[in-house]
Structures are given as structure tokens and as C-alpha cells.
Amino acid sequence: MGRVSLFGGDVARAEQMYHESRDLDPRAGDVLQLKKELSTKPRVDAGRPADYFHNFSRLCSLENKHHSPVFNHPRIVCRYRPGLLPYYRVKEEILSESPFASVVYDVITDEENYFLRTHVKNKLIRGRVGGADAWVSEVRTSDIAWIWDSDSPIAQSLSLRVQAITGLDVKQRVPGGPSSSEAFQVVNYGLGGHYEVHMDPFDKPSDRPELQGSGERIATFLIYLSDVQRGGSTVFTRAGVSVAPVKNMALLWYNFTPALKRDDLTEHAGCPVLIGQKWIANKWIWTYGNTFRRRCGLTPDATHLDIEPDMYRRYGVN
Ligand SMILES: O=C(O)CCC(=O)C(=O)O
Ligand SMILES: [Fe+2]
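In terms of full-length UniProt numbering, the sequence shown opens at residue 1 and continues consecutively.
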């Protein structure tokens with residue numbers, strides 16, 4: 001436990017546990033190992049804000065249900081989300097207004113879920129972080145694989161569903177052209193698997209040819225392919241939102257404000273899986289093809305809900 005605390009950045013607790021366990025058995029292997037790690041590990045991880053681990057671990061340790069800051073706004077929290085098609089509405093729970101984050105239940109069927117997980121069975125490889133020079137890192141401990149729309153009619157119909165729900169273009173113009181969305185990224189986290197605090201837009205240009213000229217990841221549509229017995233929530237460390245995985249539920253948020261300013265409040269993380277395993281499928285939607293679908297607001301600080309009526313009026317949806 002002391003080593004877990006140290007790994008989680010809680011040096012004070014690790015030291016306290018070291019002293020307690022040393023008094024019990026000073027020669028135990030774990031005690032000696034903890035002593036070694038305490039003496040070599042830098043006390044503060046450079047570049048991380050002081051509240052980095054505090055917010056991450058506090059939000060991760062909340063109970064296994066959604067948490068959001070008090071939503072003090074006259075606009076409703078549960079609604080039928082206006083979508084691209086006037087007759088197609090999905091039940092949506094808004095968890096945060098700014099940054100906008102919401103969940104939609106049962107966006108895929110069990111059969112589609114099974115397809116996504118089995119299609120990648122022999123293709124999963126360790127996920128990386130970074131842009132063109134992406135590297136394997138302890139920051140992200142999961143296996144990933146990609147499913148393009150051209151790989152299967154099921155993937156294609158799922159992409160169209162994401163388009164209908166978000167109102168955003170998701171067309172993939174590969175090979176050769178810029179795309180409005182990436183392939184589904186299927187991710188498997190084993191025990192302890194996690195993804196530390198990060199933002200989805202790239203810091204550096206990506207080396208993936210299909211993304212050249214596509215702009216940026218304006219929205220993230222994350223589908224949970226499994227429940228997780230304990231742990232594995234997605235947490236927004238600055239916005240104070242925690243989302244517990246529910247099989248076949250999707251979590252949607254916008255990484256950019258309507259004025260195309262990177263929204264730092266969307267900083268988020270995947271909490272460590274404590275019991276069970278976790279599967280998700282990410283769909284990132286790009287600026288390309290969406291300039292007129294998600295227009296600017298009337299003011300530079302307009303939020304997503306401010307521009308929504310304008311976004312859907314074009315499709316005859318009120
Ligand atoms: O696993 C999660 O809950 C978050 C995953 C994530 O943020 C990502 O893949 O970019
Ligand atoms: Fe992410």
C-alpha cells in the first residue's frame with residue numbers, strides 16, 4: 001500500500017506507511033523496496049500542478065456513480081437531445097454546462113458492442129501518448145486498436161449514429177483526404193490500467209496522414225463497452241466531474257469552445273481499474289467539415305448550450 005501511495009504521488013502517506021511497516025518487519029522485501037523508492041523518487045513530479053494528484057485521486061475515489069458540481073442553471077439537466085434528424089432524439093443527461101459534458105445511455109446494442117471488442121481481438125497493441133513521436137508511457141497503460149468505417153458496415157453505421165446524435169460531420173475520406181472523424185479507437189484496460197490527466201487535442205502535429213489538414217479534435221464521443229466493478233471512472237480534474245462507466249453509454253464533450261479556443265476545463269483522466277476490466281471505444285470528431293455545423297457564438301465566451309439553438313435550427317429542429 002505504501003508503494004501504491006508513492007506511485008499515486010502521496011509521499012507523506014507513503015512515508016507514514018513505511019514507518020508503520022518497518023516497525024512490524026524491517027527486513028520484509030516490500031519494506032526494503034519502499035525504502036529504496038522513497039529515497040530515489042523525486043518528491044514533486046516536475047511540471048504537474050500541486051493539486052494534480054489531489055483532484056485526480058479524489059474524483060477517482062468517489063462512489064461508482066456520476067458526480068458533477070451543483071448544476072445551478074435554469075436549463076434542464078435531462079432532456080431529449082436535439083440531433084441531426086428531427087425524428088431521432090436520444091435521452092441525454094447533462095453533467096456539466098461549461099465545459100459541456102453529457103451522457104447518453106444505450107447508444108449501441110450488445111451485438112454492436114460484441115463486434116467492436118471481438119473485431120480488435122488480435123490487433124490490440126500497447127497505447128502510446130504524444131504526437132508524431134508518440135511513445136509508450138506509464139501515463140497510459142492500456143491496449144488499443146482502430147476500426148475504420150471501411151473495415152465494416154457496422155462501424156459505418158455506428159459512425160452515422162454518432163453523426164445523428166452530435167449533429168457533426170464524421171465522414172472519413174481515406175486514403176488521401178482530410179477526415180471529419182477518426183476511426184473508432186477501441187481500448188482495453190486491465191487491472192490497474194489507467195490514463196493520467198491529459199487533453200485530447202494534440203500538442204504537436206500528428207504523423208498520421210489521414211489527420212493532415214483535418215484541423216483538431218473538437219469533440220470526443222467516448223462509448224463504454226463494459227461496466228467496471230470498481231474504479232475506471234472518467235474524471236474531469238478541473239471541472240470536478242466524475243463519470244462512472246455504464247456499458248453501452250456514451251460520454252460526449254467538446255474540447256474547444258464555440259470560438260475554437262482550446263477548453264482547458266476539459267482536462268480529464270481515466271481512473272485506475274480496481275476490480276474487473278474496462279473497455280471503451282473513442283470517436284474523435286475533427287474541425288474539418290464542421291465549420292458550419294458548429295458555428296461561433298455571438299460572444300467570444302459563448303458556451304455550447306448558447307450556440308445549440310443556432311446549430312440545430314438549420315435542420316428544422318427546435
Ligand atoms: O478511459 C477513460 O475513461 C478516458 C480515456 C481517454 O481519455 C482517452 O482515451 O483519451
Ligand atoms: Fe482523453
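Here a beta-carbon is modelled for each residue, glycine too, at the ideal position from N, C-alpha and C.
Please classify residue i: is it buried, with 16 or more other beta-carbons within 10 angstroms of its beta-carbon, or exposed?
i    : result
A250 : buried
N256 : Sequence inspection shows Phe at residue 256; the Asn mentioned does not correspond to that position. The residue is buried, with at least 16 neighbouring Cβ atoms inside 10 Å.
R6   : Before going on, a small fix: residue 6 reads as Leu here, not Arg. Buried, because 16 or more other Cβ atoms sit within 10 Å of the Cβ of L6.
E308 : buried
C78  : exposed
I108 : buried
E63  : exposed
R161 : buried
A281 : buried
Q16  : exposed
K278 : buried
V4   : exposed
D45  : Low confidence applies here, because D45 scores a pLDDT of 46, under 50, leaving its location unreliable and the question unanswered by this model.
K91  : exposed
A12  : exposed
G2   : buried
T166 : buried
R43  : In this prediction, R43 scores a pLDDT of 48, lower than 50, which makes its location untrustworthy; the coordinate-derived value is nonetheless stated afterwards. That one is exposed.
Y195 : buried
A28  : exposed
E112 : buried
S39  : exposed
P82  : buried
G193 : buried
Y80  : exposed
Measure from the alpha carbon of residue i to the alpha carbon of each residue in the options, then state which is nearest.
i    : options                   : result
D263 : I280, I218 and T291       : I218
R61  : R230, K278, R27 and R161  : Reading the sequence as shown, one finds Ser at residue 61 and not Arg. Considering only alpha carbons, the answer is R230.
R126 : S142, Y114, E111 and Y189 : S142
V197 : S242, I223 and Q163       : S242
S179 : W148, P300, P99 and S21   : W148
V246 : S98, V103 and L95         : V103
H268 : M1, R89, V235 and A259    : V235
F53  : K35, P26, D10 and Y18     : D10
G177 : S159, R208, G29 and S152  : R208
D227 : P258, A239, D110 and L211 : D110
M199 : V187, H304, T237 and L38  : T237
G215 : V273, P201 and L59        : P201
K171 : T287, L225, P300 and G276 : T287
G190 : R22, H66, G276 and A259   : G276
N248 : R22, R117 and R294        : R117
F115 : V186, Y18, H304 and P300  : V186
H67  : G192, A244 and M311       : A244
P300 : T266, T40 and P258        : P258
V188 : V273, G240, P175 and T266 : Note that residue 188 corresponds to Asn in the displayed sequence, not to Val. When only C-alpha atoms are compared, the closest one is V273.
G240 : R89, R173, S150 and E97   : E97
I223 : P175, D106 and R173       : D106
L211 : L225, V174 and G193       : V174
L265 : E20, T303 and Y87         : T303
My assumption, with CB atoms under 8 Å, is that residue i sits in contact with residue j. Please give the rounded CB distance.
i    : j    : result
F221 : I285 : 7 Å
V139 : V129 : 5 Å
N290 : D169 : 5 Å
F100 : W253 : 6 Å
G213 : C271 : Incorrect: roughly 35 Å between the Cβ atoms, too far for contact.
A155 : K123 : That pair is no contact at about 13 Å.
S152 : K283 : Not confirmed; about 15 Å, so no contact.
L84  : A164 : 5 Å
D310 : R295 : 6 Å
K35  : Y18  : 6 Å
(message) Using a strict less-than 6 Å threshold between each residue's beta carbon and the heavy atoms of ligand 2, what residues do you get?
(response) H198, D200 and H268
(message) Could you tell me which whole beta strand (DSSP E) segments of length 3 or greater appear in the region 139-192?
(response) 143-147 and 184-189
(message) Please give me, in chain order, every unbroken run of the alpha helix (DSSP H) with length at least 4 that falls completely inside the region 65-139.
(response) 110-119
(request) Counting only runs of 3+ residues fully inside the UniProt domain "Fe2OG dioxygenase" (179-287), write out the beta strand (DSSP E) ranges in chain order. (result) 184-189, 195-198, 217-224, 234-236, 241-243, 250-254, 268-270, 273-275 and 278-286
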